[in-house]
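The opening position of the sequence shown corresponds to residue 455 in the numbering used here, with each subsequent residue numbered one higher. C-beta: ideal position from N, C-alpha, C; glycine also. Keep in mind it's a predicted model, so treat the numbers as computed, not measured. Structure first, commentary second.
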Amino acid sequence: MRQSQTGCSKPEILRLLKRATTREVYRLLTRAVGIPDYGDLRPTRQDRNITLTAAARHLGVWPGTLSRLERGQSRNDQLADTYREWLASREEALRSDVAVRRRRHRPQAGCSGHCFVVVCIVVDLPFMARPVALPVLARLWRPEQETTKVQLGAELVGLLAAAFVDRRIDVVADGAYHGKPLRTLPETGRGPAASSPTRCCTSRRRRTPAAVGHG
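If you want it as structure tokens, here you go:
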């Protein structure tokens, strides 16, 4: 109406409208528009050990569509938000499943999983064709405690050496007890009779009467 009042004809008015529309479209096309970052989708999916096919099947889209979204080659904010929510729910489900498995396999008191460090004395019995190991000392070892099984074995050997201050003690243990505490046993006994000629030495082959093991 305003252009008609200025004396413009109908073709000129249409030309002015086309120019205004072209300028508006050009400004929209040349203006920088922020694009959401989808770079977290693929690493998150891979951390959950979820295949692209499984994720696409759950979201109801083609795997190629989801792949282009993960690589930032296409934009779909609604699909990206749904994808993130589903990945977050999968993480919570995975944590819950891991917690259930840990509770299921956690050893209970009195059940399997405990380990006793046992010190035995090897003796020859007249009615046996081979030597017999008689358990004399034992300690319970738990995985959460700071003392190792080798340290417990060394303590038990020290008690045995203190009880037999006048005897030579040869300690025989398997490879699990090949540690520093048993390699540095005292040269003499412990306790009041520490000056007695008691000697402790270790060996992997049975020679004389003491053995350390676990059961």
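Query                                                                                                                                                        : Result
Is GLU539 closer than 9 Å to TYR492 when the C-beta atoms are compared?                                                                                      : no
Going by CA-CA distance only, name the one from TYR631, ALA474, LEU471, THR507 that's closest to LEU606.                                                     : TYR631
Could you pull out every residue in the same chain whose Cβ sits closer than 8 Å to the Cβ of ALA395, ignoring the five residues on either side in sequence? : The shown model of the chain, from 455 to 669, leaves out residue 395, and the question about it has no answer.
Using the Cα positions of ASP624 and ARG499, report the straight-line distance between them to the nearest angstrom.                                         : 59 Å
If you count every other CB in all the chains shown that lies within 10 Å of the CB of LYS603, and 16 or more means buried, which is it?                     : buried
Hey, how far is the Cα of VAL576 from the Cα of ALA587?                                                                                                      : 4 Å
Helix, strand or coil for PRO704 per DSSP?                                                                                                                   : Residue 704 falls outside the range modelled here, since the chain spans only 455 to 669, and no answer is possible.
Just tell me which of TYR537, ARG485, ASP620 has its CA closest to the CA of PRO502.                                                                         : The identity of residue 502 in the sequence shown is Arg, whereas the question assumes Pro. Residue TYR537 is the option with its Cα nearest to ARG502.
Buried or exposed: where does VAL479 fall if 16 or more other Cβ atoms within 10 Å of its Cβ makes it buried?                                                : exposed
If you run the structure through DSSP and keep just helix, strand and coil, what is PRO585?                                                                  : coil
Could you tell me whether the Cβ atoms of LEU591 and LEU610 are closer together than 9 Å?                                                                    : yes
Could you check if LEU482 is buried or exposed, using at least 16 other CB atoms within 10 Å of its CB as the buried criterion?                              : exposed
Hey, quick one: how far does the alpha helix (DSSP H) through VAL479 stretch, first residue to last?                                                         : 464 to 484
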